[in-house]
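Counted from 1, the sequence shown has number 96 at position 65 by the numbering used here; the numbering is strictly sequential. Every residue gets a Cβ at the ideal spot worked out from N, C-alpha and C, and that includes glycine. Single-structure report; data block below.
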Amino acid sequence: MTTVYLLLGTNMGNRLQHLQDARDLIGNRTLSENISPGSKLIPLKGSSIYETAAWGKIEQDDYLNQVMVISTDITAQTLLKITSCIETRLGRIRKKVWEPRIIDIDILFYGNEIIHEEKLIIPHPYLQNRRFVLAPLAEIAPHFTHPVFKKDILTLLAECPDPLWVRKYEGT
């Protein structure tokens, strides 16, 4: 079984509900069985929910983000199919980069593997530059070492150049 870190994010509609729906579908055995029969995808824990300024070049509403830790025996490529299926099921339509999202699910780390394929790059190639990724990740995996940079998450967070604000979400 491989330990995987996922980032969930949303800035449209009922953001809390979108995060809950994504978490529920990630733990839905029927969904993963339909894509990869006999597979195991077990949610282990999640960070607090963080509210963050939108990152990128488009003016848009603030995001809610959360990191989830899962354990799985499926490949990273199959996991990408499952997360894409969840995004589609929840109503995400991909049009352009940095657009508002009902839900976005990124694979941050797949164990300590380094994968560089046309449609899948792991570790996530920009996580070290994004405070909205590092803050929730530092909460649940502060000493996890990035397999490329050979630095732990707390160090990456301390060195992060991202000036945008990130705070634990206090809303209901």
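| Item | Value |
| --- | --- |
| Where does Arg54 sit, in a helix, a strand or coil, going by DSSP? | helix |
| Our contact map puts Pro154 next to Phe140 with C-beta atoms below 8 angstroms; I'd like the distance itself, whole angstroms only. | 5 angstroms |
| Tell me where the alpha helix (DSSP H) around Lys112 begins and ends. | Ala107 to Arg120 |
| With distance defined between alpha-carbon atoms, name the residue in Asn45, Tyr36 and Val35 nearest to Pro131. | Asn45 |
| If we ignore side chains and look at the alpha-carbon of each, how far apart do Leu111 and Ile66 end up? | 11 angstroms |
| Quick check: the region 48-58 against the region 164-182, are at least 3 beta-carbon pairs closer than 8 angstroms? | no |
| Mapping the DSSP letters down to three states, classify Asn96 as helix, strand or coil. | strand |
| Quick check on the DSSP output: the alpha helix (DSSP H) that includes Phe163 runs from which residue to which? | Arg162 to Ile171 |
| Just verifying my parser: in three-state terms, what is the DSSP assignment at His147? | strand |
| Where Leu158 and Asp104 are concerned, what is the direct C-alpha to C-alpha distance, given to the nearest angstrom? | 24 angstroms |
| Who are the Cβ neighbours of Asp93 in its own chain at under 7 angstroms, not counting the five residues just before and after it? | Asn42, Glu82, Thr83, Ala84 and Ala85 |
| Just verifying my parser: in three-state terms, what is the DSSP assignment at Glu190? | helix |
| Among Arg60, Leu75 and Gly77, which residue has its Cα nearest to the Cα of Gly69? | Arg60 |
| Among Glu90, Leu121, Met99 and Leu72, which one has its Cα closest to the Cα of Ser204? | One cannot answer for residue 204 here, as it falls past the ends of the chain, which runs 32 to 203. |
| Quick check: the Cα distance between Thr114 and Asp193, rounded to an integer number of angstroms? | 26 angstroms |
| Between Gly142 and Ile133, is the Cβ-Cβ spacing less than 9 angstroms? | no |
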